[in-house]
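*Asks:*
Residue numbers (the working numbering), protein chains in the order written: chain H, 8 to 379; chain L, 126 to 370.
The following block contains the structure:
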C-alpha cells in the first residue's frame with residue numbers, strides 16, 4: 008500500500024467533484040428533498056384525516072341509540088379520522104363510491120333501553136387501497152373496544168365486517184394484488200427512464216446526436232423514432248413484471264388486460280420523453296443516475312402506494328396530481344382490483360396522455376434548441 | 126447548387142459568435158468556391174470548428190451573414206451537406222455496415238441505394254474486411270475511415286471535415302487526403318479543418334484562421350510568397366505577428 012498513490016487518487020476524486028458543480032449540487036439536493044419528504048410522510052404532523060361517514064341513529068324513548076352514539080363519539084376521537092354525519096346508509100355508500108368519503112362505518116345496537124349494547128359494525132370502503140381500509144377498520148375496532156370495555160388485541164379486529172364496494176366480490180385481495188398496480192408502474196417507469204436517459208446521453212456524448220442534428224432529420228422525427236424504438240422494450244419489461252405478478256405471485260387482474268397495457272404504454276411514452284428531456288440537463292452518466300431518485304422517489308411516495316393521497320398535506324396533494332405515477336397507479340388499481348373498464352379510468356388515461364404530450368413538447372423544444 | 130451570383134458554395138461575411146466571454150468568431154469572412162478543397166488552418170481555439178458548425182447549421186452566428194449552397198444553413202440544405210465530426214461519431218455497438226445503413230436512411234436513401242453505396246464506399250476506403258465488425262472493435266484509424274464513409278454515404282455536394290486527420294498514422298492520413306482529392310474530382314466541395322500545417326499543400330486553397338477571423342486566403346504557395354516565408358508554418362506565424370495576435 009502506497010499512501011502517496013492512494014492520496015493522489017482520493018484527491019483526484021475530490022477535485023473531480025469540486026469541478027463538477029452539478030453533481031455536487033445533486034449530492035446535496037437529492038438527499039435533502041428525499042429525506043424531507045420521508046420525514047414528513049413518516050411523521051404525524053400536517054397529515055389530513057380520513058373522512059368517514061356515520062349515520063346518526065334516531066333518539067327515541069326506550070330506543071337503542073345510546074351505545075351507537077357512544078361508539079360514534081369514540082370513533083370521532085380516533086387520530087387521523089374525521090367523522091362526518093350522513094343522512095342515510097344509502098347516501099353514505101354513494102359518498103364512498105363517489106370518493107367524497109373514504110369510508111362509511113355502520114353500527115347497530117343489540118337490545119333496547121338500558122340493556123342495549125353495541126352490536127355488529129360494518130366498515131364500508133372502496134376496497135382499492137389497503138392504506139385506507141386498514142386505519143378505518145382499526146379505528147372502528149378500537150372505538151368499539153372502548154365502548155364494550157374490552158381491550159383490543161393487536162392485529163385482531165373483532166366484530167368488524169368490511170364491505171368493499173368497488174370490488175367485484177367482497178373477498179379481500181391478497182397483499183400482492185394490492186401491491187401489484189404500484190409495482191408494475193414503478194418498474195415500468197424506472198426501467199424506461201433509465202434506458203432512455205442513458206441512451207440519449209450517450210447519443211450526445213458520442214457526437215452522433217450532433218451528426219443527426221446536421222442531417223435533414225427533424226426534432227419530432229428523432230423523438231418519434233426514440234419512442235417507437237423504446238416502447239417495445241419497455242413493453243416487454245412491463246409484460247414480464249405483469250406476467251410474473253399474475254402468474255407466479257397470483258396478483259389479480261379483474262379487468263381487461265389490454266387496459267393494463269394501455270396505461271403502461273401511455274406511461275412509457277411520457278417517461279421516454281422525460282428521460283430525453285432530463286438527459287440534456289446531465290453531462291455525465293453519474294448525473295443521470297442521480298436524477299433517478301429525484302424523479303422516482305417523490306412519485307413513489309406521493310402516488311398513494313404508502314400513504315393515501317387524501318391524507319397528505321394539501322401542497323403535496325397538488326404535487327401528486329402533477330405526477331404521472333399517481334394516475335397510472337390509480338388506473339391500474341381500478342382495472343386490476345375493481346375490474347374497471349375504459350370509461351371508468353378515462354380521466355386517468357387522459358392525464359397520462361397529457362403528461363406524454365407535455366413531455367413530447369419539452370423534448371422537441373430541447374432538441375430544437377440544440378440545432379441553432 | 127451554388128450561389129450562382131458568386132460561384133461560392135459557402136459565402137460567410139463578418140460572422141461573429143461569442144460564448145460567454147470567448148469570441149469564437151470575430152468578423153470571420155470567407156468564400157469557398159464550388160468544387161475546391163479548402164483547408165482551414167489554425168491553432169486550437171482559432172474558431173475553425175465554430176465556423177464549420179455554423180456552416181452545418183448547428184449554431185447561429187450572433188452577427189454577420191452566411192449562405193451555404195445558396196441558402197441559409199439549416200434544414201433547407203442539410204441533405205446536401207456531409208458532416209464528419211472531430212471524434213468518430215458512430216454507434217459503437219453497430220457494425221460499419223449498420224452505421225452506414227442508418228445514416229443513409231436518415232438522409233432519405235432507399236435500401237438498395239444504401240446497399241450499393243456501402244459496397245462502393247468500403248471498397249474505396251479499403252475497409253471491406255471490417256464492414257461487418259462492430260465499431261468498438263475497430264482501430265482509431267479504421268473508425269475515422271468509417272466516420273468519413275458515413276459523411277459521404279449520401280453523396281453530399283459539400284463535405285465538412287472537422288480535424289479528420291487528428292490522431293491517425295501518416296499512411297492513413299495520406300489515404301484520407303487522397304480520398305479528399307478524389308472527392309474534388311467528383312465536383313464535391315470539401316471544407317477541411319486542421320492544425321497540421323503540412324497538410325496545407327494538399328488543399329486547393331488554404332485559409333489561415335486565428336482569434337476567430339481569417340488572416341489570409343490563397344494557395345499554399347501564394348501564402349508563402351506573400352509572407353516571404355519558406356514554409357506554411359512560417360507564413361502563418363508571420364501573418365499572426367503582423368496581425369498583432
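Even glycine gets a Cβ: it sits at the ideal position worked out from N, Cα and C.
Since the structure is predicted, the reported quantities are computational estimates derived from the model, not experimental observations.
Please list, in chain order, the chain H residues whose beta carbon lies closer than 7 Å to that of residue 134 of chain L.
*Replies:* Along the second chain, one-based indexing puts residue 134 of chain L at 9. Near residue 134 of chain L there are no residues of chain H at all, since even the closest Cβ is about 16 Å away, more than 7 Å.
*Asks:* Please list the segments of the beta strand (DSSP E) lying wholly inside the region 337–366 of chain L, counting only runs of 3 or more residues, in order along the chain.
*Replies:* Correct list: 338–343.
*Asks:* Look up residue 126 of chain L in the DSSP assignment and say whether it is helix, strand or coil.
*Replies:* One-based indexing of the second chain puts residue 126 of chain L at position 1. Only weak support exists for where residue 126 of chain L lies, its pLDDT of 49 falling under 50; the value from the coordinates is given anyway. Correct three-state label for residue 126 of chain L: coil.
*Asks:* Grouping DSSP H, G and I as helix and E and B as strand, with all else coil, what is residue 141 of chain L?
*Replies:* Here residue 141 of chain L refers to the residue found at position 16 when the second chain is read from its first residue. Of the three classes helix, strand and coil, the one that applies to residue 141 of chain L here is strand, per DSSP.
*Asks:* How do the region 247–260 of chain L and the region 191–204 of chain L stand: do at least 3 beta-carbon pairs fall below 8 Å, yes or no?
*Replies:* With the cut-off at 8 Å, the region 247–260 of chain L and the region 191–204 of chain L do not touch.
*Asks:* I need the DSSP call for residue 319 of chain H, collapsed to helix, strand or coil.
*Replies:* Within the first chain, residue 319 of chain H is the residue found at index 312, counting from 1. Residue 319 of chain H: coil per DSSP, three-state reduction.
*Asks:* Go through the region 226–308 of chain L residue by residue and report every complete run of the alpha helix (DSSP H) that reaches 4 residues or more, in order.
*Replies:* The qualifying runs are 236–249 and 265–277.
*Asks:* Would you kindly work out how many angstroms separate the C-alpha atoms of residue 126 of chain L and residue 218 of chain H, rounded to a whole number?
*Replies:* Start at 1 with the first residue of the second chain, and residue 126 of chain L comes out as number 1. Start at 1 with the first residue of the first chain, and residue 218 of chain H comes out as number 211. Caution is warranted here: a pLDDT of 49 is assigned to residue 126 of chain L, below 50, making its placement in the model unreliable, and the coordinate value is therefore given only provisionally. The straight-line gap from Cα to Cα measures roughly 22 Å.
*Asks:* Just to confirm before moving on: does the CB-CB distance between residue 332 of chain L and residue 165 of chain L stay below 8 Å?
*Replies:* Locating residue 332 of chain L in the second chain gives position 207, counting from the first residue. Locating residue 165 of chain L in the second chain gives position 40, counting from the first residue. Contact: yes.
*Asks:* Let's test the definition: count the other Cβ atoms within 10 Å of the Cβ of residue 262 of chain L and tell me whether it reaches 16, buried, or not, exposed.
*Replies:* As a first step, residue 262 of chain L is located in the second chain; it is residue number 137 there, counting from the start. Classification for residue 262 of chain L: exposed.
*Asks:* Considering only the beta carbon of each residue, do residue 322 of chain L and residue 358 of chain L sit closer than 8 Å?
*Replies:* Sequence index remark: in the second chain, residue 322 of chain L carries index 197 (1-based). Sequence index remark: in the second chain, residue 358 of chain L carries index 233 (1-based). Yes; because the gap between Cβ atoms is below 8 Å, this pair is in contact.
*Asks:* Check residue 152 of chain L in the structure and name its three-state DSSP category.
*Replies:* Indexing the second chain from 1 puts residue 152 of chain L at position 27. Strand, per DSSP.
*Asks:* Grab me the residues of residue 326 of chain H's own chain with a C-beta within less than 8 Å of its C-beta, minus the 5 sequence neighbours each way, in chain order.
*Replies:* Taking the first residue of the first chain as position 1, residue 326 of chain H is located at position 319. Excluding sequence neighbours, residue 326 of chain H sits near 305 and 309.
*Asks:* Find the residues of chain L that neighbour residue 226 of chain H, judging by a C-beta separation of less than 8 Å, and give them in chain order.
*Replies:* Walking along the first chain from the start, residue 226 of chain H turns up at place 219. By Cβ distance, chain L contributes nothing, its closest Cβ being about 10 Å from residue 226 of chain H, past 8 Å.
*Asks:* Tell me whether residue 387 of chain H is buried or exposed, calling it buried when 16 or more other Cβ atoms sit within 10 Å of its Cβ.
*Replies:* No answer is possible for residue 387 of chain H: the residues shown for chain H start at 8 and end at 379.
*Asks:* Taking residue 195 of chain H as the reference, which of H:98, H:273 and H:72 has the closest Cα?
*Replies:* What you label residue 195 of chain H is simply residue 188 of the first chain in a count that begins at 1. Ranking the options by Cα distance to residue 195 of chain H, first place goes to H:273.
*Asks:* Are residue 108 of chain H and residue 60 of chain H touching if we call contact CB-CB under 8 Å?
*Replies:* Counted from its first residue, the first chain places residue 108 of chain H at position 101. Counted from its first residue, the first chain places residue 60 of chain H at position 53. Contact flag set, yes.
*Asks:* Find out if the Cβ-Cβ distance for the pair residue 285 of chain L, residue 208 of chain L is shorter than 8 Å.
*Replies:* As a first step, residue 285 of chain L is located in the second chain; it is residue number 160 there, counting from the start. As a first step, residue 208 of chain L is located in the second chain; it is residue number 83 there, counting from the start. The answer is yes: Cβ separation under 8 Å.
*Asks:* Three or more C-beta pairs closer than 8 Å, one from the region 237–256 of chain L and one from the region 269–285 of chain L: is that the case here?
*Replies:* Yes: the two stretches touch, three or more of their Cβ pairs being nearer than 8 Å.
*Asks:* Assuming residue 343 of chain H contacts residue 261 of chain H under a Cβ cut-off of 8 Å, what Cβ separation, rounded to an integer in Å, is found between them?
*Replies:* Residue mapping note: residue 343 of chain H aligns to position 336 of the first chain, counting from 1. Residue mapping note: residue 261 of chain H aligns to position 254 of the first chain, counting from 1. At roughly 6 Å, the Cβ-Cβ gap stays under 8 Å, so residue 343 of chain H and residue 261 of chain H are in contact.
*Asks:* Compile a chain-ordered list of the residues in the region 200–227 of chain H whose CB is closer than 7 Å to at least one CB of chain L.
*Replies:* Within the region 200–227 of chain H, the residues whose Cβ lies closer than 7 Å to some Cβ of chain L are 213, 214, 215, 217, 218, 219, 220, 221, 222, 223 and 224, listed in chain order.
*Asks:* Identify whether residue 210 of chain L lies in helix, strand or coil by the three-state DSSP scheme.
*Replies:* The count along the second chain starts at 1 and reaches residue 210 of chain L at position 85. Correct three-state label for residue 210 of chain L: coil.
*Asks:* At a CB distance below 8 Å, what residues from the region 198–225 of chain L approach chain H? Give them in sequence order.
*Replies:* Here the close residues are 199, 200, 203, 204, 206, 208, 210, 211, 212, 213, 214, 215, 216 and 217.
*Asks:* Given this structure, state the Cα-to-Cα distance separating residue 265 of chain L from residue 228 of chain L, to the nearest angstrom.
*Replies:* Residue 265 of chain L sits at position 140 when you count from the first residue of the second chain. Residue 228 of chain L sits at position 103 when you count from the first residue of the second chain. Each residue's Cα considered, the two are about 20 Å apart.
*Asks:* Does any C-beta atom of chain H lie closer than 8 Å to the C-beta of residue 181 of chain L?
*Replies:* What you label residue 181 of chain L is simply residue 56 of the second chain in a count that begins at 1. So yes, residue 181 of chain L belongs to the interface.
*Asks:* Are there three or more Cβ pairs, one per stretch, closer than 8 Å when the region 179–189 of chain H is compared with the region 111–126 of chain H?
*Replies:* Output reads no: the region 111–126 of chain H does not touch the region 179–189 of chain H.
*Asks:* Taking the straight line between their C-alpha atoms, what separation do you get for residue 328 of chain H and residue 336 of chain H?
*Replies:* The residue labelled residue 328 of chain H in the question sits at position 321 within the first chain. The residue labelled residue 336 of chain H in the question sits at position 329 within the first chain. Roughly 12 Å between the two C-alpha positions.
*Asks:* Roughly how many angstroms lie between the CA atoms of residue 323 of chain H and residue 236 of chain H, to the nearest whole one?
*Replies:* On the first chain, position 316 is the one that residue 323 of chain H refers to. On the first chain, position 229 is the one that residue 236 of chain H refers to. In a straight line, the C-alpha of residue 323 of chain H is about 34 Å away from that of residue 236 of chain H.
*Asks:* Going by the CB atoms, is the gap between residue 345 of chain L and residue 363 of chain L shorter than 8 Å?
*Replies:* As a first step, residue 363 of chain L is located in the second chain; it is residue number 238 there, counting from the start. As a first step, residue 345 of chain L is located in the second chain; it is residue number 220 there, counting from the start. No, the pair does not count as a contact, with Cβ atoms beyond the cut-off.
*Asks:* Check whether chain H comes within 8 Å of residue 141 of chain L, counting only Cβ atoms and requiring the distance to be less than that.
*Replies:* Walking along the second chain from the start, residue 141 of chain L turns up at place 16. By this cut-off, residue 141 of chain L is not an interface position.
*Asks:* DSSP three-state call for residue 407 of chain H: helix, strand or coil?
*Replies:* Given that chain H is displayed from residue 8 to residue 379, the structure contains no residue 407 of chain H and the question cannot be resolved.
*Asks:* How big is the Cα-Cα spacing for residue 24 of chain H and residue 300 of chain H?
*Replies:* If you number the first chain from 1, residue 24 of chain H lands on position 17. If you number the first chain from 1, residue 300 of chain H lands on position 293. Near 19 Å, if we compare the C-alpha coordinates of residue 300 of chain H and residue 24 of chain H.
*Asks:* Within the chosen definition, does the region 140–158 of chain H reach the region 274–281 of chain H through at least 3 CB pairs nearer than 8 Å?
*Replies:* Judged by Cβ distances under 8 Å, the region 140–158 of chain H makes no contact with the region 274–281 of chain H, as fewer than three pairs qualify.
*Asks:* Against chain H, which members of the region 230–244 of chain L pass a CB distance test of less than 9 Å?
*Replies:* Cβ contacts with chain H come from 231, 232 and 233.
*Asks:* Taking 8 Å as the cut-off, does the region 185–195 of chain L touch the region 190–205 of chain H (at least 3 CB pairs, one atom from each stretch)?
*Replies:* The region 190–205 of chain H vs the region 185–195 of chain L: no contact.
*Asks:* I want to see whether chain L comes within less than 8 Å of residue 376 of chain H, judged by CB atoms only; does it?
*Replies:* Translated into positions along the first chain, residue 376 of chain H becomes position 369. With 8 Å as the cut-off, residue 376 of chain H does not count as an interface residue toward chain L.
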